[in-house]
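If you read the protein sequences in the order shown, they are chains A and B. Residues 1 to 456 in the UniProt record's numbering are what the first sequence lists, from first letter to last. Residues 1 to 456 in the UniProt record's numbering are what the second sequence lists, from first letter to last. Positions of the beta carbon are idealized from the N, C-alpha and C atoms, including for glycine.
Protein chains: 2
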Amino acid sequence: MTLSQALANYQTKLTYEDLPEEVVSFAKLCILDYFGSALAGSTKEPILMISETIEEMGGNPQATLVTKGKTSALNAALVNGASSHIVELDDIHKGSIIHAATVVVPAALAVAEWKQLSGKELIVAVVAGYEICFRIGEAVSPSHYYYWHNTATCGTFGATAAAAKLLELTEEQTVHAIGNAGTQAAGLWEFIVDGAMSKQLHPGKAAMNGLLAALLAEKGFTGAQKILEGDRGFFKAMSEEYDEGKITVNLGEEFKILENAFKLHASCRHTHAAIDIAVDIVKENDFTAEDIERVEVGCYKPTMDITDNIDPQTQYASKFSVQYCTALALVKGSASLEDFNEKDLWDTTIRGVMAKVDAQLDPEIAAAYPERWGSKVKVVLKNGQEIEKQEDYPKGDAENPVSSEELQEKFLQLATVLPEDKRVAFSEKVLDLEQLENIADLMELVYTPGTETVTR
Amino acid sequence: MTLSQALANYQTKLTYEDLPEEVVSFAKLCILDYFGSALAGSTKEPILMISETIEEMGGNPQATLVTKGKTSALNAALVNGASSHIVELDDIHKGSIIHAATVVVPAALAVAEWKQLSGKELIVAVVAGYEICFRIGEAVSPSHYYYWHNTATCGTFGATAAAAKLLELTEEQTVHAIGNAGTQAAGLWEFIVDGAMSKQLHPGKAAMNGLLAALLAEKGFTGAQKILEGDRGFFKAMSEEYDEGKITVNLGEEFKILENAFKLHASCRHTHAAIDIAVDIVKENDFTAEDIERVEVGCYKPTMDITDNIDPQTQYASKFSVQYCTALALVKGSASLEDFNEKDLWDTTIRGVMAKVDAQLDPEIAAAYPERWGSKVKVVLKNGQEIEKQEDYPKGDAENPVSSEELQEKFLQLATVLPEDKRVAFSEKVLDLEQLENIADLMELVYTPGTETVTR
Chain A
1 MTLSQALANY QTKLTYEDLP EEVVSFAKLC ILDYFGSALA GSTKEPILMI SETIEEMGGN
61 PQATLVTKGK TSALNAALVN GASSHIVELD DIHKGSIIHA ATVVVPAALA VAEWKQLSGK
121 ELIVAVVAGY EICFRIGEAV SPSHYYYWHN TATCGTFGAT AAAAKLLELT EEQTVHAIGN
181 AGTQAAGLWE FIVDGAMSKQ LHPGKAAMNG LLAALLAEKG FTGAQKILEG DRGFFKAMSE
241 EYDEGKITVN LGEEFKILEN AFKLHASCRH THAAIDIAVD IVKENDFTAE DIERVEVGCY
301 KPTMDITDNI DPQTQYASKF SVQYCTALAL VKGSASLEDF NEKDLWDTTI RGVMAKVDAQ
361 LDPEIAAAYP ERWGSKVKVV LKNGQEIEKQ EDYPKGDAEN PVSSEELQEK FLQLATVLPE
421 DKRVAFSEKV LDLEQLENIA DLMELVYTPG TETVTR
Chain B
1 MTLSQALANY QTKLTYEDLP EEVVSFAKLC ILDYFGSALA GSTKEPILMI SETIEEMGGN
61 PQATLVTKGK TSALNAALVN GASSHIVELD DIHKGSIIHA ATVVVPAALA VAEWKQLSGK
121 ELIVAVVAGY EICFRIGEAV SPSHYYYWHN TATCGTFGAT AAAAKLLELT EEQTVHAIGN
181 AGTQAAGLWE FIVDGAMSKQ LHPGKAAMNG LLAALLAEKG FTGAQKILEG DRGFFKAMSE
241 EYDEGKITVN LGEEFKILEN AFKLHASCRH THAAIDIAVD IVKENDFTAE DIERVEVGCY
301 KPTMDITDNI DPQTQYASKF SVQYCTALAL VKGSASLEDF NEKDLWDTTI RGVMAKVDAQ
361 LDPEIAAAYP ERWGSKVKVV LKNGQEIEKQ EDYPKGDAEN PVSSEELQEK FLQLATVLPE
421 DKRVAFSEKV LDLEQLENIA DLMELVYTPG TETVTR
């Protein structure tokens, strides 16, 4: 049995009845969290550029865009995939380094809306999609991640899996679909040097490519049988090291979606433990910015590698500065999407605290990575008082979970493109998704008119 | 100056007036040759599967499909790209191992038809597209080719370049487009083990992805500045070895399109020198299949690696068997698309000769590769006569060119989906392309009605 066959066998057999209640509840939170980020992203420039391009192309009105209008399922996967990855608040799976929602959910939604499928069917598809891309990401981590954006490359398989499930592909068709997912997998990290918009193109294209692989397989289009482990396949071509065993170990006996983490702060995940501590310290103590003498932040290596920036020049860069993020949280008591803004980027109080933040590698914190993405923060006040805290798991990790209420609140804060009543109704519909007969009824709530095309 | 800037600078400055007459003539042959293969491929199962999927998606009627109907420029690039790579008769550039027409031409055509551009504009765009992908392919050859299908990966840059030229992108926009071409580049060889249909998906997706990168850049969408040479870019991620110098050496002082080779036989290029010799031997001598005692074929290494197959079981496999191809040519005196058919695959006379073909590595032929893709063939007859010939360059190579008449004849043989009068008119229009005001007038000749979509 090839690895693709093992995955196809797993997912074609999976039914809604196989899912424990906690998996159903968790999957619904993943879908709700997808929409929060996607709706918040839907007004951003890069997303509008993709959306306008797609509007020019046109397409049968099969699926709703989070921007405006309806278009083909493939086009919708592209736009809706790009849109959920821009405000840096989408979910993250540590073991595979994948933001799954922004790829898997839009591909699944496009099919579910188009084919008028139910909430239960969407939930099963999302669970299968997460399972498959997380396993592939774990198999190639960490070496693949050096050059490749796992969310895009490994995510493509997740989009294919979810779409294949909703299209009710056979096991054989699913193997072909997985083959053509792998051969389309792309997304290089090189853009990060320039902070280029490729970041959003990646998940959009992964959702679209993954869906295309599944749609073609439905027609009988064939792909490689061993796209993962083959001599000229995904593993060997795109990873220095890999562990095939991760694909099948405990497959069907656990649900990896439960390992997914949610972000409450609108910054790089590697800054979150420090922010969590800063927020707690502010809550539990009574001091002002002027009282601070210095701040010590103990970090693991990627926090230092990726977010050690003492003078961020753009909002985007500030989300990748552990010094700025810690200062922001100490001054404002939070680090939400709204907290990161042009005014506060240059705020002298925040910048004053930032200048006092000393971020260093902490041996204990570093040794616990990647199992724990923790931090230590010590605030020393001018009066001599020292406040010190450690957090091993940032809020939103499986080990430090957020509640359904907190995630609903996050959604309501993010989805401000919808009027408040619609926003509440929408979130409740998602949290009740297993009752929904037709996903099109859900998408109707986020629909705004656009230039539609129809078959002549 | 980054490599992307050098390429963007070259192509934004290139004008029709810069092109020597032989480049214009040659580019027209490349475009005509694209259409022959694309029209011949347009009725094949894998192409129909892609076309039907795209028809379901719909799109504004911007560009004509070689299958049927019109659709969006992006969708047309996908279908028309896939279609020209299936009958194994599309062009090949030895230095970069790229079949450029099947990726560059459909992307360019989609824009040219949509925007109602002229023949001259199309010609310049195709010349630029070939130049850029050939240079990138040469820079990463041969190591990239082990895992990656150069036509798809490097071809993406060619599609982007051609589309960017037609969209009149600025130098800066073109750099961004090249960045987003590279970050979408994909296409693994793993499918070849199964003879899977991914082979056709690759050039189709490369054309579509390349076009998307250009369309987005037109809107201001940004990409990596150093997608080729950057630390986490295309070269380092996807090639064991590479030579950056190939990108810029003599750039603007030569036209690499002139190095492009055309195929006259419907089989793997590595079998062509042997077929050429066999055809000549049959023409110049008087013997029958029964007279043959044995046939010795001297080969270079890839001929042995890829086409050493003494018992092909499918038509596709027979095109990758140097033994079958040589026997076919000795029995029938040709190896055209029609010559490869189900009946002749199992023909006892051809199979009888095939059993007498002994293919071996020839030191002299092998040493001359990859500059020369040659062969030696010795036919020993039962009467003791020995007929021996050597060919260093297969017919269609720049060093052994085919005439415009031969390529027109090839087109007329391939494009049988068009009635004969239309076929002749079409080929003459392409051979007169610099006179054409509007590419839409050309595409009208290959248009057949389909299910169109329109903006509501």
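Please confirm whether residue i and residue j have their CB atoms less than 8 Å apart.
{"i": "Gly396 (chain A)", "j": "Phe255 (chain A)", "result": "no"}
{"i": "Ala224 (chain A)", "j": "Gly187 (chain A)", "result": "no"}
{"i": "Ala289 (chain B)", "j": "Thr349 (chain B)", "result": "yes"}
{"i": "Leu381 (chain B)", "j": "Asp286 (chain B)", "result": "no"}
{"i": "Leu328 (chain B)", "j": "Asp344 (chain B)", "result": "yes"}
{"i": "Ala359 (chain A)", "j": "Gln323 (chain A)", "result": "yes"}
{"i": "Lys410 (chain A)", "j": "Leu264 (chain A)", "result": "yes"}
{"i": "Ser37 (chain B)", "j": "Thr67 (chain B)", "result": "no"}
{"i": "Val297 (chain B)", "j": "Ser375 (chain B)", "result": "yes"}
{"i": "Tyr147 (chain A)", "j": "Lys236 (chain B)", "result": "yes"}
{"i": "Trp373 (chain A)", "j": "His270 (chain A)", "result": "yes"}
{"i": "Ala40 (chain B)", "j": "Val103 (chain B)", "result": "no"}
{"i": "Gly210 (chain B)", "j": "Ala107 (chain B)", "result": "yes"}
{"i": "His176 (chain A)", "j": "Thr248 (chain A)", "result": "no"}
{"i": "Ala164 (chain B)", "j": "Ala217 (chain B)", "result": "yes"}
Using the C-alpha atoms, what's the distance from residue j back to residue i?
{"i": "Ala8 (chain B)", "j": "Phe191 (chain A)", "result": "18 Å"}
{"i": "Glu371 (chain A)", "j": "Asp311 (chain B)", "result": "54 Å"}
{"i": "Leu78 (chain B)", "j": "Ala207 (chain B)", "result": "6 Å"}
{"i": "Thr326 (chain A)", "j": "Gln315 (chain A)", "result": "15 Å"}
{"i": "Cys268 (chain B)", "j": "Lys28 (chain B)", "result": "24 Å"}
{"i": "Ser4 (chain A)", "j": "Glu171 (chain A)", "result": "9 Å"}
{"i": "Ala112 (chain B)", "j": "Leu167 (chain B)", "result": "9 Å"}
{"i": "Leu412 (chain A)", "j": "Ala440 (chain A)", "result": "21 Å"}
{"i": "Ala213 (chain B)", "j": "Asp231 (chain B)", "result": "21 Å"}
{"i": "Ile275 (chain B)", "j": "Glu342 (chain B)", "result": "19 Å"}
{"i": "residue 530 (chain A)", "j": "Ile227 (chain A)", "result": "Lying before the first or after the last residue shown, residue 530 (chain A) is absent from chain A, which here runs from 1 to 456."}
{"i": "residue 467 (chain B)", "j": "Tyr34 (chain A)", "result": "This structure gives no information on residue 467 (chain B), because the portion of chain B shown stretches from 1 to 456."}
{"i": "Leu89 (chain B)", "j": "Lys319 (chain B)", "result": "11 Å"}
{"i": "Leu14 (chain A)", "j": "Gly252 (chain A)", "result": "8 Å"}
{"i": "Ala185 (chain A)", "j": "Tyr130 (chain A)", "result": "16 Å"}
{"i": "Arg456 (chain A)", "j": "Ser72 (chain A)", "result": "Reliability of the predicted coordinates at Arg456 (chain A) is poor, the pLDDT of 43 falling under 50, and no value is obtained from them."}
{"i": "Met304 (chain B)", "j": "Pro363 (chain B)", "result": "12 Å"}
{"i": "Gln390 (chain B)", "j": "Val282 (chain B)", "result": "14 Å"}
{"i": "Leu215 (chain A)", "j": "Asp347 (chain B)", "result": "38 Å"}
{"i": "Thr53 (chain B)", "j": "Leu65 (chain A)", "result": "20 Å"}
{"i": "Val140 (chain B)", "j": "Glu241 (chain B)", "result": "7 Å"}
Identify the residues that DSSP records as bridge partners of residue i: which are they?
{"i": "Cys154 (chain A)", "result": "The partner list for Cys154 (chain A) (beta bridge, DSSP) is empty, contrary to what the question assumes."}
{"i": "Val297 (chain A)", "result": "A:Ala359, A:Val377"}
{"i": "Ile92 (chain A)", "result": "A:Ala261"}
{"i": "Lys70 (chain A)", "result": "A:Thr64"}
{"i": "Ile98 (chain A)", "result": "A:His93"}
{"i": "Glu254 (chain B)", "result": "B:Leu251"}
{"i": "Leu14 (chain A)", "result": "Note: Leu14 (chain A) sits in no beta bridge, so no partner."}
{"i": "Trp189 (chain A)", "result": "DSSP output for Trp189 (chain A) lists no bridge partner at all."}
{"i": "Trp148 (chain B)", "result": "B:Leu188"}
Point to revise | Interfacial residues, the stretch 209 to 226 of chain B to chain A, with Cβ spacing under 7 Å | key: Within the stretch 209 to 226 of chain B, the residues whose Cβ lies closer than 7 Å to some Cβ of chain A are Leu215, Leu216, Lys219, Gly220, Phe221, Thr222, Gly223, Ala224, Gln225, Lys226, listed in chain order.
Taking a Cβ distance cut-off of 8 Å, strictly less, list which residues of the stretch 43 to 56 of chain B are near chain A, in chain order. So the close ones are Glu45, Pro46, Met49, Ile50, Glu52, Thr53, Glu56.
**Report entry** Contact set between the stretch 137 to 159 of chain B and chain A, restricted to residues whose Cβ is under 8 Å from the partner
**Finding:** From the stretch 137 to 159 of chain B, only Tyr146, Tyr147, Trp148 have a Cβ closer than 8 Å to chain A.
Residue ranges of each beta strand (DSSP E) within the stretch 366 to 413 of chain A, 3 or longer
Counting only runs of 3 or more residues that sit fully inside the stretch 366 to 413 of chain A, the beta strand (DSSP E) segments are 375 to 381, 386 to 391, in chain order.
- Item | Near-chain B residues of the stretch 168 to 198 of chain A - C-beta to any C-beta below 9 Å | Listed by position along the chain: His176, Gly179, Asn180, Gly182, Thr183, Gln184, Ala185, Ala186, Gly187, Leu188, Trp189, Glu190, Phe191, Ile192, Val193, Asp194, Gly195, Ala196, Met197, Ser198.
**Prompt:** If contact means a Cβ-Cβ distance below 9 Å, which residues of the stretch 231 to 244 of chain A contact chain B?
**Reply:** Going along the stretch 231 to 244 of chain A in chain order, one finds Asp231, Arg232, Gly233, Phe234, Lys236, Ala237, Met238 with a Cβ nearer than 9 Å to chain B.
* Hey, which unbroken runs of the alpha helix (DSSP H) at 4 residues or more fall wholly within the stretch 265 to 347 of chain B? -> If one requires a minimum length of 4 residues, the alpha helix (DSSP H) runs lying completely within the stretch 265 to 347 of chain B are 272 to 284, 301 to 307, 315 to 318, 322 to 332, 342 to 345, in chain order.
Under 9 Å, CB to CB, which of the residues in the stretch 57 to 78 of chain B have a partner in chain A?
Hits within the stretch, in order: Met57, Gly58, Gly59, Asn60, Pro61, Gln62, Thr71, Ser72, Ala73, Leu74, Asn75, Leu78.
Which residues, in chain order, does the stretch 327 to 347 of chain B contribute to contact with chain A at a C-beta distance below 7 Å?
Considering only beta carbons, no part of the stretch 327 to 347 of chain B lies closer than 7 Å to chain A.
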